[in-house]
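Worksheet for the structure shown next.
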């Protein structure tokens, strides 16, 4: 009987194993982005919902950067740990990945971010409901939409917002590719995710004031769509800087893709 049980267990495991490498990579990107959003946006939720008693700008920056590092550790061996459409686009642009994989990776990243936001919403549901008397607000001192997505500062113009995202994403991609470039000093094998986490900390500490320094279309758009459906309403695509008005939700996505190209060309 024991050998039969062992054979049945092995047979069951073989059935669960994905044979398609593309399917493995797609699920890997979904999982990595999911981890990043739950843990990263979770650090924001803890700070906001506790009104600063259990976190602040330091814990948010460190928490989000560490979440990215952990997500890369989980997924790096399968899909490369992109967890960012800008990174995936750059990989295709410079011939390091085949173009046909682009929509699969991006779709998985956006869905992973959406699922991560939904999970975080469930975890902090009672806190969100008690924070502003059951209201889900986008602006004001009791706003909670910015737990999930980034929003521009009130003073920010359209041109400044565009430049802000281009420069932040440029630095992200330029330094990430430099880290993995064998012609540079590099870092000890296995420590790359930690160094990327440190990179995110320094970019967030220096370029985060204007619009939250998302640097990742999936990180912003996936949770933003979730908040639109979960009760905040589709105004999540229009609030923020009066100078940006209803155009502000287009700026981050376009500028991040342009920033990724600049970041790769500069080295």
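Numbering (the working numbering), first residue to last: 1379 to 1645. All residues carry an ideal CB built from backbone N, CA and C; glycine is no exception.
Secondary structure of residue i, DSSP reduced to three states
{"i": "residue 1602", "result": "helix"}
{"i": "residue 1522", "result": "coil"}
{"i": "residue 1610", "result": "coil"}
{"i": "residue 1597", "result": "helix"}
{"i": "residue 1506", "result": "helix"}
{"i": "residue 1542", "result": "helix"}
{"i": "residue 1514", "result": "coil"}
{"i": "residue 1582", "result": "helix"}
{"i": "residue 1473", "result": "coil"}
{"i": "residue 1592", "result": "coil"}
{"i": "residue 1439", "result": "helix"}
{"i": "residue 1616", "result": "coil"}
{"i": "residue 1483", "result": "helix"}
{"i": "residue 1420", "result": "helix"}
{"i": "residue 1426", "result": "helix"}
Sequence-distant residues of its chain with Cβ nearer than 8 Å to residue i (five each side left out)
{"i": "residue 1400", "result": "1479, 1482"}
{"i": "residue 1476", "result": "1470"}
{"i": "residue 1437", "result": "1421, 1424, 1425"}
Between the CA atoms of residue j and residue i - distance to the nearest angstrom
{"i": "residue 1433", "j": "residue 1423", "result": "9 Å"}
{"i": "residue 1532", "j": "residue 1578", "result": "24 Å"}
{"i": "residue 1441", "j": "residue 1457", "result": "23 Å"}
{"i": "residue 1403", "j": "residue 1511", "result": "42 Å"}
{"i": "residue 1495", "j": "residue 1426", "result": "15 Å"}
{"i": "residue 1610", "j": "residue 1514", "result": "5 Å"}
{"i": "residue 1642", "j": "residue 1509", "result": "Reliability of the predicted coordinates at residue 1642 is poor, the pLDDT of 46 falling under 50, and the value obtained from them is presented with this limitation in mind. One C-alpha to the other measures close to 43 Å."}
{"i": "residue 1453", "j": "residue 1447", "result": "10 Å"}
{"i": "residue 1603", "j": "residue 1568", "result": "34 Å"}
{"i": "residue 1503", "j": "residue 1497", "result": "10 Å"}
{"i": "residue 1534", "j": "residue 1599", "result": "20 Å"}
{"i": "residue 1490", "j": "residue 1608", "result": "16 Å"}
{"i": "residue 1410", "j": "residue 1520", "result": "30 Å"}
{"i": "residue 1522", "j": "residue 1435", "result": "16 Å"}
{"i": "residue 1429", "j": "residue 1474", "result": "44 Å"}
{"i": "residue 1492", "j": "residue 1592", "result": "15 Å"}
Same chain, Cβ closer than 7 Å to residue i, neighbours up to 5 away in sequence not counted
{"i": "residue 1463", "result": "1484, 1487, 1595, 1596"}
{"i": "residue 1398", "result": "none"}
{"i": "residue 1553", "result": "1577"}
{"i": "residue 1407", "result": "1453, 1457, 1460, 1461, 1483, 1486, 1487, 1490"}
{"i": "residue 1575", "result": "1443, 1444, 1446, 1447"}
{"i": "residue 1572", "result": "1447"}
Same chain only: Cβ atoms within 6 Å of residue i, ignoring 5 sequence neighbours per side
{"i": "residue 1500", "result": "none"}
Check: Do three or more CB pairs link the stretch 1413 to 1432 to the stretch 1522 to 1537 at distances below 8 Å?
Finding: yes
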